[in-house]
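Structure first, then comments.
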Amino acid sequence: GRDIKIALTGNPNVGKTTLFNALTGSRQHVGNWPGVTVEKKSGRVSYKEYNIEVIDLPGTYSLTAYSMDEIVARDFIIEEKPDIVIQVVDASNLERNLYLTTQLMELGSKILIVLNMCDIAEDRGDRIYIDKMQELLATPVIRTVATQKKGLCDLLDKVIEQKELAQHHGHEIGYGNEIEQKILEIEKVLIEDENRDKRYPLRWVSIRLLEGDNNVRGKIANSPVYAKTMEIIDSIDQEEYEAEIADKRYLAINTVFPQMCTRANDTLTKSD
Ligand code: GDP
Ligand code: K
Ligand code: MG
Numbered sequence: 021g022r023d024i025k026i027a028l029t030g031n032p033n034v035g036k037t038t039l040f041n042a043l044t045g046s047r048q049h050v051g052n053w054p055g056v057t058v059e060k061k062s063g064r065v066s067y068k069e070y071n072i073e074v075i076d077l078p079g080t081y082s083l084t085a086y087s088m089d090e091i092v093a094r095d096f097i098i099e100e101k102p103d104i105v106i107q108v109v110d111a112s113n114l115e116r117n118l119y120l121t122t123q124l125m126e127l128g129s130k131i132l133i134v135l136n137m138c139d140i141a142e143d144r145g146d147r148i149y150i151d152k153m154q155e156l157l158a159t160p161v162i163r164t165v166a167t168q169k170k171g172l173c174d175l176l177d178k179v180i181e182q183k184e185l186a187q188h189h190g191h192e193i194g195y196g197n198e199i200e201q202k203i204l205e206i207e208k209v210l211i212e213d214e215n216r217d218k219r220y221p222l223r224w225v226s227i228r229l230l231e232g233d234n235n236v237r238g239k240i241a242n243s244p245v246y247a248k249t250m251e252i253i254d255s256i257d258q259e260e261y262e263a264e265i266a267d268k269r270y271l272a273i274n275t276v277f278p279q280m281c282t283r284a285n286d287t288l289t290k291s292d
């Protein structure tokens, strides 16, 4: 059979582990990530002529470096390059889950969004326009109810389809002229280092440095272009950049979200 490697990511409590168990059943392996005490779960599923390896990454709200879980999740995606990164999303809490989406799209992997807990969203009368969502995020979206094993075949069919497709990684956020200039400036310096870790997308590294990410800083600490890179970082108001980058992500979400979803509450009148 043919091999496909997929990683499940998402906020805590969105149903990742339920989906992982539904997909892999008893074909699971539980260990630790090397060097840290974060649990690592992987499993296998045979589907059609494919042998699919599934990794259940730690749940995270973002991919900044504030916790070991976040670092484990993003390093895995960047270094192990799964064929598809599946973001499991709580359909009944969609907007809140999109911040992670904006960050995943910068990691350079193919993304597939699984809209889980569709039963809860439907019971509540929320409507999510899948076609619109796919178009706005430039990412395929599949509905599931993991607890009822609904949507699993649709998901696996989409995984296979995406694996065969050319590279895509959704809509990346634009951060405005000033920040985009700085990103380019840093990229130009970083690319001078022939021996850099080429698995790490230059744009992602540059954005993270502008956000003051010490973990990423550490990764380039021994680079011959480290000092030159830090000159650029030191020339900016780092906190201002960090805030502006986060604002741009929220702005992008606020722009697309109302177009992809109507909530039952939105249609209630004051007298209700
Ligand atoms: P994780 O933190 O993302 O791994 O989430 P879990 O798989 O642990 O699920 C969190 C809770 O949501 C559990 O109580 C699950 O039974 C429940 N759950 C998972 N998927 C669904 C779903 O599609 N619909 C509903 N109603 N509950 C779900
Ligand atoms: K829950
Ligand atoms: Mg879990």
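For the sequence shown, this note's numbering begins at 21 and goes up steadily by one.
Think of the CB as a built atom: it goes at the ideal place given N, C-alpha and C, for glycine as much as any other residue.
Cβ-heavy atom distance, residue i to the ligand MG, below 7 Å
i       : result
Lys-36  : yes
Gly-51  : no
Gly-194 : no
Gly-79  : yes
Straight-line Cα distance separating residue j from residue i
i       : j       : result
Glu-231 : Ala-27  : 25 Å
Val-209 : Thr-249 : 6 Å
Pro-3   : Ala-141 : Not covered by the structure: residue 3. The range shown for the chain is 21 to 292.
Glu-207 : Ser-226 : 6 Å
Glu-251 : Lys-239 : 17 Å
Glu-126 : Lys-25  : 19 Å
Trp-53  : Thr-164 : 28 Å
Ser-62  : Leu-124 : 20 Å
Leu-39  : Val-65  : 12 Å
Glu-73  : Val-105 : 12 Å
Glu-198 : Asn-71  : 46 Å
Pro-160 : Ala-266 : 24 Å
Arg-228 : Asp-146 : 35 Å
Gly-51  : Lys-60  : 5 Å
Leu-204 : Arg-219 : 18 Å
Any non-hydrogen atom of the ligand GDP closer than 7 Å to residue i Cβ
i       : result
Ala-186 : no
Thr-164 : yes
Residues bridged to residue i [DSSP beta-bridge criterion]
i       : result
Asp-23  : Asn-71
Lys-36  : Its beta-bridge partners do not exist; DSSP assigns none.
Gly-190 : Beta-bridge pairing links Gly-190 to no other residue.
Cβ-based neighbour list, residue i, same chain, cut-off 6 Å, excluding 5 preceding and 5 following
i      : result
Val-56 : Met-88
Val-92 : Trp-53, Val-58, Pro-78
- Task: Enumerate, from N- to C-terminal direction, the unbroken beta strand (DSSP E) stretches of 3 or more residues contained entirely within the stretch 197-246.
- Result: none
- Task: Kindly provide the ranges of any beta strand (DSSP E) runs that are 3 or more residues long and lie completely inside the stretch 129-176, ordered along the chain.
- Result: Listed in chain order, they are 130-136, 161-163.
- Message: So within the stretch 84-119, which uninterrupted alpha helix (DSSP H) runs reach at least 4 residues, ignoring any that extend past its ends?
- Response: 88-100, all fully within the stretch 84-119.
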